[in-house]
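To keep things clear, I will list the structure first and then write my remarks on it.
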Amino acid sequence: MKGANIGELEELILLTVGILYKEAYGVAVMDEVEKQTGRSLNISAVHAVLKRLEEKGLVKSRMSDPTEERGGRRKRIFLLTASGKRALEDAHEMRNQLFQQIPKIAFQ
Amino acid sequence: MTKASPPKWADRFLEWYCNPSLLEEIQGDAHELYGRSAKQRNRRTADFLYVWNVLRFFRWSNIKRSRSHPTGHFMMYKNYLSVFKRGLIKRKGYSFINVFGLAIGVACFLLISMYIRDEYSFDRMHAKADRIYRIHEILQSDGIGERSASQPFPVAEALVNDYGSQIEKAVRFFNFQAPTLALATIDNQKEFNESRLFLTDSTFFDVFDFPLIEGNPQKALNTTHTIVLTETMAKKYFEDEPAVGKYLKFQGNMDLLVTAVMKDIPANTHFQFDGLISLQTYDQFYDPRVPQVWHWYWNPCWTYLLLKDTRDAPVIQASLPAFVKKYFPAFVQNDVTMELFPLTDIHLKSNMDYEIQPNSSLTTIYVFASIAIFVLLIACINFINLSTARAANRAKEVGMRKTLGGQRIQLVTQFLFESTLLCVIAVVLALIMVVTVLPTFNVFAEKNIDATVLLQPFYLSLLLVLPLIVGLLSGIYPAFVLSSYNPITALKSTPGRESGSLLRKSLVVVQFTLSIILLVGTGVAIDQLSMLQKSDTGFSRENVLMIPVTRSPVAQHFMSLRDEFLRNKNTVSVTALEEVLGAKHQVGNYLFEGYTESKPFPRLTVRHDFTKTFNIPMVAGRDFSEDVNTDDSLALVVNETFVRQMGWTSNDHAIGKKFSSKPNHRIIGVTKDFNFTSRHQSIRPLVMELNSAPKGFDVRIKYMAVRISGDDVPGTIEWLAQQWKSQIPGWPFDYFFLENDLAKLYKDENKMSKITMVFSGLSILVACLGLFGLSTFTAEQRRKEMSIRKVLGSSNTDIFFLFSKNFFGLIIIANVVAFPLAYWLMHEWLRSFAYQVNIDLKLFILSGLIAIAIAFFTICYQALKSANSNPAEVLKSE
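Top to bottom, those sequences are chains A and B. Heads up: the first sequence is residues 211 to 318, going by my numbering. Heads up: the second sequence is residues -4 to 873, going by my numbering.
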């Protein structure tokens, strides 16, 4: 099914959301991606992807308590959903499967 | 510690565009990043990055949009529709008043617009209509003379010769200025006096586009003795046999070959005809032995020019004075002005002497247009009033919708949607009304409008736009008032809170002001009309038979016919004259004593006993006498105005004054003034000339006039007809009563007063519907109040007066506003008449009383109902 597929950036951010568990919000995700992969994203791109993931039902969100550094504004904390986890597992499994089918000779 | 904050404007921009549900996280993240970069780098970079981020957030998914999604929109409309339907059914009376009133308004508007559009469609069916001009000749000295729609015979040819580079074609129409011309089949089986026959040039079909059914337009009229008939005429004379190739007898002595049959002339042309005879046939008329001056003086030919380019019209107009100098006889040169008049303007704007057929006028159009707008306005006001009055009842709905998240704009949309929908229903109803009453309307507007014109793009778009405009116009105020309610007060407050009542009252005043103006206008128009028709014109018109006799055998037999007519004891007097007395006159140039050159004066050529037949008293001198042979051509009779115009001291003074250049020509008598034209004009100087020669019947003498006593009219006419048959065999005896013919002079006013009467009646009806609706609501709202008053001891009459008091106040204010307005409007309208009726103050009082009375009966029902209600019944329902 086409709709179940997720793109590369989506997968990356979905993974990051998983990593950050309970601390995943826009800026944190952006920082984590940069730290882990060296890719510098614009915050608006991160928001767009997170929104898309939420629409696909792969993450859910809730609002955090207000924080002082944001001028009393709340964060939107993203959490993996069951289908988000499955999507990650599927992607991971597919990669492994594919990876293992590469003949050894190809690496030499 | 002063915390750096991002640039205000960028923040505001973000807040402006960002979807509120996303704003918090977006703004939060942006601020967090700002704080970080402000700490790590400098402030300026942080500002820049902040702005950059704000700009990057500016994307479709983040932008604030209308909350309602497309599907939701549609669903809301479904909801509006069902709410509308329920409301419509729940308050049947209210809906009926609203829709019916609006429908009447729209129907009136549609009917009048159809009338006006028809008036403007005149003469536009010709492909070259914009290039066709009629040429007018104004022959006036000191404002006396004629403003003629027709021209001398040679004008057309001379113009084409002189201005060939601008004028493509010219065409003339001629009918001997005769009221009727005789036409018969060769075997005389069918003979009729035809009033709509014209002689015309062969260029006719080049200039005008009247389609032929049979025959060749190029050849139909280019030889002598040919005639083109309309379809109806061909049927009339030849029934179902083919007409082309057959002969018809013209004026009893000339055979004409039918060369073509044309479609019937559409009703919207400024002149109507049944047949066209080639003008070449009468080239003999243009007799070379007659001196040139007279050809250029007598002006019986309606002349139309087809220009090569409309832009040439001013060029030709500018060269016309030179043209007059070149051709017109010296004695009129200074008094003649010629003007080009566009064909398409003739019907509404031309008002010359000798129009082929009477035209309409712009005043009528303006009057009708204002009536149409008045009635529509009154209907719209009804709508506004009833909707705002009902606003209180809908306050709860508004409150509920707002509480459930309805936006103000949605409520406005809803109410506009409802009013537009109501208008659509009203328009549909109006269409049904229009189609039903159109035949009746056609009869009294003297039109022939087909209901299928409503399918024209103009009306289709009008029908589409009208509900929108009326719906928006009448819905916009209620929509904004209703949607402005604060949900809390709207839900809390008890219905009965009056809102917009001042506006409502002023609108009622406007409605009744308009209605009263229409009533007064109708009254004044009727008064004016009856004044024009009934007042003394200075001659007797009753029991006078007019018999058209131009170019008939009567010329030879006038004296014997007259003697035979007079043998009957019921025949009072017999004469003959040039035109229908009181309708029309001709103009002649006369040189009077004390003047160096001749001047044009209105003229009537008459036979003996003219003054006797029409009961016109002489004030000085004597009438033409059969005992004085020289009266014919050597004597003139004038009217009193003529004497005054010449500056002669008294009527007696005028007697014996010389005219013409010969010494023995003299004025022999002065008559009392009489209206020899319609009373649209005041009395002007008039010269009466005797012409007793048989040749006079060629063009000068057009009618025999027979005055009969009022006894046994049918018998007398029968007797006259018999004498006619024995004296003038083979010539139809046609006659009409002068009185009936003169009534036609005021056709326009008659039509107008009839139409204003009907529409002002309707406007009152619509206004009353509104008042009724309004009083119903007031009654409902004040039910408890009235009941409590009753419980506390008010009598029924008290309640009744209390209830109706408010409305009467409004009607009285409307009267006060309407009177001066109506007076001023009527005064302006009357200024176009030479004879004006005095605006009768009684009319105002009458109109005011009518308005009050009708309003009273309207409110009465509700007032009585609330006065007679049982307070226990009303109050228990709390």
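Positions of the beta carbon are idealized from the N, C-alpha and C atoms, including for glycine. On a predicted model such as this, the values are computed, not experimentally measured, just so you know.
From the beta-carbon of A/Lys285, the residues of chain B found nearer than 7 Å are Glu20 and Gly23. Using a Cβ distance threshold of 8 Å, B/Arg602 and B/Gln581 do not count as a contacting pair. The three-state reading of DSSP puts B/Val223 in strand, counting E and B together. Interface with chain B (8 Å Cβ-Cβ cutoff): A/Val237 is included. For B/Tyr242, the secondary structure class from DSSP, reduced to helix, strand or coil, is strand.
Interface annotation, A/Arg305: not in contact with chain B, CB-CB separation never under 8 Å.
In this structure the segment 358 to 373 of chain B lies against the segment 737 to 751 of chain B, because at least three pairs of beta carbons, one per stretch, are closer than 8 Å. The beta carbon of B/Arg51 sits closer than 8 Å to some beta carbon of chain A. Residue state for B/Asn745 is assigned as helix, using DSSP reduced to three classes. Residues of chain B whose Cβ lies closer than 8 Å to the Cβ of A/Ala258 are, in chain order, Arg54 and Ser56.
Across the set B/His648, B/Asn659, B/Asn610 and B/Asn646, the C-alpha of B/Asn659 shows the shortest separation from the C-alpha of B/Leu629. Rounded to the nearest angstrom, the gap between the Cα atoms of B/Ser32 and B/Leu44 is 8 Å. Within chain A, no C-beta atom comes nearer than 8 Å to that of B/Glu868; the closest sits roughly 58 Å away. The beta carbon of B/His290 sits closer than 8 Å to those of Pro147, Phe148, Pro149 and Tyr281, all from its chain and outside the five residues before and after it, given in chain order. Taking the C-beta atoms as reference points, B/Asp250 is found no nearer than 8 Å to B/Thr225. Here B/Asp627 carries a helix assignment [DSSP, helix/strand/coil]. Looking at the backbone, the Cα of B/His822 and that of B/Ala846 are separated by about 22 Å. Residue burial is scored here from C-beta neighbours: B/Phe852 has fewer than 16 other C-beta atoms within 10 angstroms and is therefore classed as exposed. For B/Cys13, DSSP records a beta bridge to B/Ile58. DSSP places B/Asp522 in the uninterrupted alpha helix (DSSP H) bounded by Ser496 to Lys529.
A direct Cα-to-Cα measurement between B/Gly100 and B/Ala374 gives close to 5 Å. Bridge pairing for B/Gln135: B/Gly140 [DSSP]. Between the alpha carbons of B/Cys763 and B/Ile368 lies a gap of roughly 17 Å.
The residue among B/Glu234, B/Leu426 and B/Ala440 with its C-alpha nearest the C-alpha of B/Ala446 is B/Leu426.
Within the model, the alpha-carbon separation for B/Trp55 versus B/Ile404 is close to 23 Å.
At a Cβ-Cβ threshold of 8 Å, B/Pro595 and B/Phe637 do not count as neighbours. Restricted to the segment 406 to 486 of chain B, the alpha helix (DSSP H) segments that are unbroken, complete and at least 4 residues in length are 452 to 478, listed in chain order.
Of all alpha-carbon atoms in B/Val575, B/Ala688, B/Ile444 and B/Leu416, the one lying nearest the alpha-carbon of B/Ala550 is that of B/Ala688.
Along the segment 247 to 271 of chain A, going in chain order, the ones with a CB nearer than 7 Å to a CB of chain B are Asn252, Ile253, Ser254, His257, Ala258 and Lys261.
Looking at the DSSP output, B/Gly616 sits in a beta bridge with B/Gly664.
Distance check between B/Gly664 and each of B/Phe200, B/Ser620 and B/Met699 places B/Ser620 closest, using alpha-carbon atoms only. Judged by DSSP secondary structure, B/Ser799 falls within the alpha helix (DSSP H) whose first and last residues are Asn791 to Leu825. Residue-level contact check: B/Asn377 does not touch chain A, since none of the beta carbons of chain A fall below 8 Å from its beta carbon. When DSSP states are grouped into helix, strand and coil, B/Trp291 belongs to the coil group. Its chain contains Ile373, Ile376 and Ala762 as the residues whose beta carbon lies nearer than 6 Å to that of B/Gln506, once the 5 sequence neighbours on both sides are disregarded; these appear in chain order.
Closest in C-alpha terms to B/Gly756, from the list B/Asp6, B/Gly96, B/Gln22 and B/Leu50, comes B/Gly96.
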